[in-house]
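For any residue, its number in the working numbering is found by taking its place in the sequence shown, counting from 1, and adding 397.
Written below as structure tokens is the structure these notes are about.
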Amino acid sequence: MPAPDRGPPLLRLALRLLWPVLRRPFLRLRAFLTVGLMPPDAREAIGLEWTDAQERALRRFARVVRAVVPVLPERLRYLPLARKARGAARRAKR
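Below you can see the structure in the form of structure tokens.
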């Protein structure tokens with residue numbers, strides 16, 4: 398998986414330099430979230446283990462996300478297409 402290639406130039410440079418160190422933890426987080434957000438029946442059907450400790454960690458992560466996302470600027474909360482649609486909806490209300 399390559400380093401992210403979008404965002405401000407300084408951030409892209411930092412990520413490119415740090416990616417060898419950040420890649421493995423990022424992939425572990427992605428796998429954790431993928432398995433954790435699956436329905437329990439689906440996890441069981443394909444034989445994925447999910448412990449109570451992992452469930453508690455996922456819930457802590459979700460609390461942090463719920464606290465942080467509302468205070469982020471719109472450009473960080475929404476993908477470009479969604480930002481464009483929100484802007485068009487605001488303009489249409491005027």
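Positions of the beta carbon are idealized from the N, C-alpha and C atoms, including for glycine.
| query | result |
| --- | --- |
| Trp-447 vs Arg-440 beta-carbon contact at 7 Å | yes |
| Short Cβ contact (7 Å threshold) for Ala-428 with Trp-416 | no |
| Unbroken alpha helix (DSSP H) run spanning Pro-406, endpoints | 406-433 |
| Val-432 vs Leu-412 beta-carbon contact at 7 Å | no |
| Neighbourhood of Leu-430 by C-beta distance below 8 Å, restricted to the same chain and skipping five residues each side | Leu-455 and Phe-458 |
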